[in-house]
Amino acid sequence: MNNLKSMKDQQLNAVLLSWLAKLLFVGVVLALALIIFLQSCSKSNSFAGTYVNTAGSEFSIAHDTLVVEHVAAKVYLIHRSTGFQLLDEAGQPGKKQLETEEWTADYDADSGIMMERRRGKTISFNADATEMTVVRRKYRRIN
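Okay, structure coming up:
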């Protein structure tokens, strides 16, 4: 009788261990899925930051700052501030002038490109988002 009870206990333990192993496996799969989901969400917001560019020609010197702000799902607001100085005939910089504007851009995860809504400018980033390219002009991330 004790032998029969011992066998039933062993069978019950085997069934319980089997269920426990299945639950553990499902838990691990769900945890991995959650980690992957959270990583993908954080990547969509990794573009937020401040990017700068300096350019010059025989006529002017310009310092451009773009502040990228994540506002919704795949929508970004970009604040552009450009300080520039026109050069006189002797090549000396004149009075500093400032222009500002705001862009709204939609991010396409498949292509990895943002499209500015009003003028259709393409905006792309390098792999670690330390460099931003607007059409052909490159900006360096400072924060």
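When you read off a place in the sequence shown, starting at 1, and then add 1449, the result is the number in my numbering.
Virtual Cβ for every residue (Gly too), placed ideally from N, Cα, C.
C-beta contact flag for residue i and residue j at 8 Å
{"i": "L1515", "j": "Y1500", "result": "yes"}
{"i": "E1551", "j": "I1527", "result": "yes"}
{"i": "A1558", "j": "F1496", "result": "no"}
{"i": "A1554", "j": "M1563", "result": "yes"}
{"i": "R1590", "j": "M1581", "result": "yes"}
{"i": "L1535", "j": "S1573", "result": "no"}
Span of the beta strand (DSSP E), counted from its first residue to its last, around residue i
{"i": "E1518", "result": "S1509 to A1521"}
{"i": "A1504", "result": "G1498 to G1505"}
Minimum C-alpha distance to residue i - residue among the options
{"i": "Y1588", "options": "A1511, Q1534 and D1458", "result": "A1511"}
{"i": "E1518", "options": "G1498, N1462 and L1469", "result": "G1498"}
{"i": "N1502", "options": "V1475, F1474, F1533 and L1472", "result": "F1533"}
Beta-carbon contacts of residue i that lie in its chain and below 7 Å, excluding the five residues immediately before and after
{"i": "A1539", "result": "none"}
{"i": "V1477", "result": "none"}
Same chain, Cβ closer than 8 Å to residue i, neighbours up to 5 away in sequence not counted
{"i": "G1505", "result": "A1511"}
{"i": "T1531", "result": "A1511, H1512, D1513, T1514, L1547, E1548 and T1549"}
{"i": "Y1556", "result": "S1493, F1496, K1523, V1524, Y1525, I1562 and M1563"}
{"i": "P1537", "result": "Residue 1537 is actually Asp in this sequence, not Pro. So the qualifying residues of the chain are G1543."}
Closer than 8 Å to chain D by CB, residue i
{"i": "A1522", "result": "Here chain D cannot be found, since the structure has a single protein chain."}
Where are the alpha helix (DSSP H) runs, 4 residues long or more, that stay fully inside the segment 1529 to 1590, in chain order?
none
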